[in-house]
Amino acid sequence: MTAGTAGPAEQLVPTDQGPGRVRVFPAPSPVGTLLLGHGAGGRRDTPDVLALTSLADHGWTVVLVDQPWRVAGRRVATAPPRLDAAWLQILGALSEDRGPGLDPLPRPWVLGGRSAGARVACRTAALDDGTPRPGVAAVICVAFPLHPPGRPDRTRAPELAGPVRAGLPTLVVQGSADPFGRPEEVVAAVTDPRLTVVPVPGTHSATRDLPALTGAVRRLLATLPPDPEDAPR
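Just so we're aligned, residue 1 is where the sequence shown starts under UniProt numbering, counting upward by one.
The structure is reproduced here in structure tokens:
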């Protein structure tokens, strides 16, 4: 099945913090998988994240990951270390046998997310020794929160620099008036040719230019080599 037809396949994934949920939008002829985490707000999905499920029509299976706190119906996100731990447990489960009727997720894997989900992807894309997590080929950030509004001194640039320094191509699609960090701030914070910053209209809310978002992500995905030998762990 494809996005927009029979709908995504849903699966609960156990973690130490309770079950997370994945919704899989399979590509008919997959060349890889894009795994996306959500933000810390109350909405389950935002239009920009949902727009990226259309990439299933372009060869990329898309997986939307719901953190355990959201599955449990809580309104406040858990602390970053717990977000990372749950995310990694979900990735680990998805790299194994997914059960009857569920095909293995195609490789390579690209980690991504919106806002807080982008931070999680950046923090977990590389191992502790600074090398890429096996099987992960790139990172995609939608509305990366570089700093709290009005507090550029509290920068999260080291998080964004993590996958870049590990050699992973990293894309940031950022609202031109985002109070959490405008595109030019992101460019100045991490100066590396492996980081691509694409400005789009808007603030930290979902961009009004969804074709620009999906186009930027498609361009990055098109540069990635096929199927590395190791699966994410």
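Even glycine gets a Cβ: it sits at the ideal position worked out from N, Cα and C.
Everything numeric in this text was worked out from a predicted model, so none of it was measured.
Collapsed DSSP secondary structure at A137 in the structure displayed: Strand, per DSSP.
With distances taken Cα to Cα, identify the nearest neighbour of L210 among S29, S54 and R44. S54
Is it right to say D129 is buried, meaning 16 or more other beta carbons lie within 10 angstroms of its own, or is it exposed? By the Cβ-count criterion, D129 is exposed, with fewer than 16 other Cβ atoms from all chains shown falling within 10 Å of its own Cβ.
Going by C-alpha distance, which of L224, V142, P226 and V217 is nearest T203? Taking the Cα of T203 as reference, the smallest distance to any Cα among L224, V142, P226 and V217 is reached at V142.
With 16 other CB atoms within 10 Å as the buried threshold, where does V76 fall? V76 is exposed by the Cβ-count criterion.
Buried or exposed for R44, please, with buried defined as at least 16 other CB atoms from any protein chain shown within 10 angstroms of its CB. exposed
Host alpha helix (DSSP H) of L220 (start-end): Residues L210 to A222.
Taking residue 235 as part of the alpha helix (DSSP H), name the residues at either end of that continuous run. No answer is possible for residue 235: it lies beyond the span of the chain, which begins at 1 and ends at 233.
Can you tell me the Cβ-Cβ gap for G167 and P132, rounded? I've got them flagged as a contact below 8 angstroms. 6 angstroms
Output yes or no for whether 8 angstroms exceeds the beta carbon distance between V65 and G20. Cβ atoms of V65 and G20: closer than 8 angstroms.
Take A177 as the anchor and find which of S205, G59 and R154 has the nearest alpha-carbon. Closest in C-alpha terms to A177, from the list S205, G59 and R154, comes S205.
Rounded separation between P30 and A125 - CA only: About 21 angstroms.
Could you give the first and the last residue of the continuous beta strand (DSSP E) run that contains residue 312? Residue coverage of the chain in this structure runs from 1 to 233, which leaves residue 312 outside it and unanswerable.
Pick helix, strand or coil for L146, following the three-state DSSP scheme. coil
Where does the unbroken beta strand (DSSP E) through P199 begin, and where does it stop? L195 to V200
Classify G162 as helix, strand or coil using the three-state DSSP reduction. helix
According to the Cβ coordinates, are L36 and V62 closer than 8 angstroms? yes
Is the segment 212 to 224 touching the segment 178 to 185, taking contact as three or more C-beta pairs under 8 angstroms? The segment 212 to 224 vs the segment 178 to 185: no contact.
CA nearest to the CA of R107, picked from R208, P26 and V22: P26
Assigned secondary structure, G117 (DSSP; H/G/I helix, E/B strand, else coil): helix
Between V136 and V172, which are expected to be in contact by the criterion C-beta below 8 angstroms, what is the C-beta distance as a whole number of angstroms? About 17 angstroms; that fails the 8 angstroms criterion.
Let's see if you can read the secondary structure: which residues bound the beta strand (DSSP E) around E10? Run containing E10: A9 to V13, per the beta strand (DSSP E) assignment.
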